[in-house]
Amino acid sequence: MLGELDRRRLDGRAETTVLELCAGSGIASICAALVGATVTAVDDTAEALAAIDGNATANGVAVTGLLTDVRALPASVTADVVIANPPYIPAPPTASAGHAWDAGDDGRDVLDAIIDALPARVRPGGGVLLVQSDVCGVDQTVHRLDLVGFSAAIVDEVPLAFGPVMASRAEWLEQHGFIAPGQRTERLVVTRAVRDAEV
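Residue numbering for the sequence shown follows the UniProt record's numbering, beginning at 1 and increasing consecutively.
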């Protein structure tokens, strides 16, 4: 995804604005700021905002942090480019792994909320980069982006062995049809979508 930030959209233009949602430690925000963007990073934990501030300072760049749930972000917050690596792991009702991973019974609670808000969030001619696991439906993401007026394409993917949360949930994921029996790998997929423009 970080390569896509540099190659596909920013082009070193200082006037480009970037909004990172579910920012975590803010690595994508830092990379965007390093190539000249004006960046806002959003997360709903104070720990994440502190990490973003520390990472920005260590890299000699400015990143504005906002402490809020992405679903409660004011409509006035817009950007040329939106980046998001939201929680995407399908979770049973008894799940206790935490909100940094769990994303409802189909893994799409946060992802769909982000997509549905994009028409108000992304400026005309702008775009979005979304990261997710193929376990929670890449085709669904592309289709939903199309419904809200964005042309989407998969621009990168990486096969990964299940991490601890996915591995601990593998039997449940099998039972509910998210993975094949015995499957213990996933694809981490980057989808790029552009508003009112060619992909």
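Glycine included, every Cβ here is placed at the ideal spot set by N, Cα and C.
Sequence-distant Cβ neighbours of Ala46 in its own chain, meaning closer than 7 Å and more than five residues away, are Leu67. Pairing Cys136 with Leu118 gives a Cβ-Cβ distance that is not under 8 Å.
In the assembly as shown, Asp43 is a buried residue. Its beta-carbon has 16 or more other beta-carbons within 10 Å. The Cβ atoms of Val70 and Cys22 sit closer than 8 Å to each other.
A straight-line Cα-Cα distance of about 12 Å links Pro92 and Phe178. Counting along the chain, Ala37 sits inside no alpha helix (DSSP H), nor does DSSP assign it H or E at all.
DSSP lists Thr38 as the bridge partner or partners of Thr17. Put simply, of Val81, Ala75, Leu73 the residue whose alpha carbon is nearest the alpha carbon of Ala28 is Val81. Here Ala193 is near Ser151, since their CB atoms are less than 8 Å apart.
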